[in-house]
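Peer 1: Heads up: the sequence shown is residues 32 to 189, going by our numbering.
C-beta atoms are modelled at their ideal positions from N, C-alpha and C, and glycine is treated no differently.
Being a predicted model, the structure only gives us computed values, none of them experimental.
Below: one structure in structure tokens.
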Amino acid sequence: MADIFELMLSLDLRDEWSEDELAELRFHLGLGPRPEILRIATGVAFRDEGDYGELDVDDPPQPLLGRHGGAFKVGGALVSVLLRRAETGRGAWALTSRQEIHPDQFDPVGELLGWLATKAGDCHRRFDGSVALGWTRFCESDRTEPLVVRDGVVMWPS
Numbered sequence: 032m033a034d035i036f037e038l039m040l041s042l043d044l045r046d047e048w049s050e051d052e053l054a055e056l057r058f059h060l061g062l063g064p065r066p067e068i069l070r071i072a073t074g075v076a077f078r079d080e081g082d083y084g085e086l087d088v089d090d091p092p093q094p095l096l097g098r099h100g101g102a103f104k105v106g107g108a109l110v111s112v113l114l115r116r117a118e119t120g121r122g123a124w125a126l127t128s129r130q131e132i133h134p135d136q137f138d139p140v141g142e143l144l145g146w147l148a149t150k151a152g153d154c155h156r157r158f159d160g161s162v163a164l165g166w167t168r169f170c171e172s173d174r175t176e177p178l179v180v181r182d183g184v185v186m187w188p189s
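See below:
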């Protein structure tokens, strides 16, 4: 049995971004090229120190939410979409992403989700200060669990 989860994001985002932040988000959603420098989330890459203390990177950073196409374990399609909103009622941007994620990816993806929570519209903020981003679901379950960021930390399923 694989430890695969469905990750579903459904967010309205404010318009408080630099061009560099927008380019990096598009990269992590699989919607644009990798920027020269990643500042928000470094992506999934194996890093190690070489024999002389230099940084060896075996794989370049990969998009964290960038898979598009048929899902392997959770059924349906994997997709990420970022749209600029014309109306201003709910936020300047609409973001939806459905991905398969393994618990080994929780930390790097959590880094990106923690940042997204700071950009989320007010409609996602809860009474306790946490931010609701969407939900998760174990691949063999039909029960979803809220995906929440509290104090900058994602509350992953246990």
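On the three-state DSSP scale, how would you describe histidine 155?
Peer 2: As a first step, residue 155 must be located in the sequence shown, where it is residue number 124. Of the three classes helix, strand and coil, the one that applies to histidine 155 here is helix, per DSSP.
Peer 1: Could you tell me which of Asp34, Val162, Met39, Gly165 sits nearest to arginine 98, measuring between CA atoms?
Peer 2: Within the sequence shown, the letter at position 67 stands for residue 98. Out of Asp34, Val162, Met39, Gly165, Met39 has the C-alpha closest to the C-alpha of arginine 98.
Peer 1: Please report the straight-line C-alpha distance between glycine 152 and serine 49, rounded to a whole angstrom.
Peer 2: As a first step, residue 152 is located in the sequence shown; it is residue number 121 there, counting from the start. As a first step, residue 49 is located in the sequence shown; it is residue number 18 there, counting from the start. C-alpha separation (whole angstroms): 17 Å.
Peer 1: Mind checking who glycine 165 pairs with in its DSSP beta bridge?
Peer 2: The residue labelled residue 165 in the question sits at position 134 within the sequence shown. Bridge partners of glycine 165: Leu40, Leu178.
Peer 1: Cβ of aspartate 46 within 7 Å of Cβ of alanine 123?
Peer 2: Here residue 46 refers to the residue found at position 15 of the sequence shown. Here residue 123 refers to the residue found at position 92 of the sequence shown. Yes.
Peer 1: I'd like to know whether the C-beta atoms of proline 178 and glycine 160 end up nearer to each other than 7 Å.
Peer 2: The residue given as residue 178 occupies position 147 in the sequence shown. The residue given as residue 160 occupies position 129 in the sequence shown. Sequence check: residue 178 is leucine here, not proline. Contact: no.
Peer 1: Does the stretch 99-118 come into contact with the stretch 53-67, if we say contact requires no fewer than three beta-carbon pairs (one atom in each stretch) closer than 8 Å?
Peer 2: Touching, per the Cβ criterion.
Peer 1: Can you look up valine 110 in the DSSP assignment and give me helix, strand or coil?
Peer 2: Looking up residue 110 in the sequence shown gives position 79. In the structure shown, valine 110 sits in a strand (DSSP, three-state: E or B).
Peer 1: First and last residue of the alpha helix (DSSP H) that includes arginine 57?
Peer 2: Residue mapping note: residue 57 aligns to position 26 of the sequence shown, counting from 1. From DSSP, the alpha helix (DSSP H) with arginine 57 extends over 50-59.
Peer 1: Residue range of the alpha helix (DSSP H) that tryptophan 124 falls in?
Peer 2: Position 93 of the sequence shown, counted from the first residue, corresponds to residue 124. Careful: tryptophan 124 lies outside any alpha helix (DSSP H), inside the beta strand (DSSP E) at 124-132.
Peer 1: Identify every residue that forms a DSSP beta bridge with valine 185.
Peer 2: By one-based count along the sequence shown, residue 185 stands at place 154. Its beta-bridge partners are Val180.
Peer 1: Within the same chain, show all residues whose beta-carbon is closer than 6 Å to that of phenylalanine 169, passing over the 5 residues directly before and after it, in chain order.
Peer 2: One-based indexing of the sequence shown puts residue 169 at position 138. Excluding residues within five positions, the ones whose Cβ falls inside 6 Å are Phe36.
Peer 1: Whose C-alpha, out of Gly101, Phe137, Val180, is nearest the C-alpha of phenylalanine 158?
Peer 2: As a first step, residue 158 must be located in the sequence shown, where it is residue number 127. Of the candidates Gly101, Phe137, Val180, the one whose C-alpha sits nearest the C-alpha of phenylalanine 158 is Val180.
Peer 1: What residue from Thr149, Val162, Pro188, Ser172 has the CA that sits closest to glutamate 52's CA?
Peer 2: Locating residue 52 in the sequence shown gives position 21, where the first residue counts as 1. Taking only the C-alpha atoms, the option nearest glutamate 52 is Thr149.
Peer 1: On the DSSP letters alone, give me the boundaries of the alpha helix (DSSP H) that aspartate 138 sits inside.
Peer 2: As a working note, residue 138 is residue 107 in the sequence shown. Aspartate 138 -> alpha helix (DSSP H) spans 137-150.
Peer 1: Would leucine 95 pass as a contact of valine 162 if the rule is Cβ separation under 7 Å?
Peer 2: Taking the sequence shown and counting its residues from 1, the one referred to as residue 95 is at position 64. Taking the sequence shown and counting its residues from 1, the one referred to as residue 162 is at position 131. It is not a contact, given that the beta carbons lie outside the stated cut-off.
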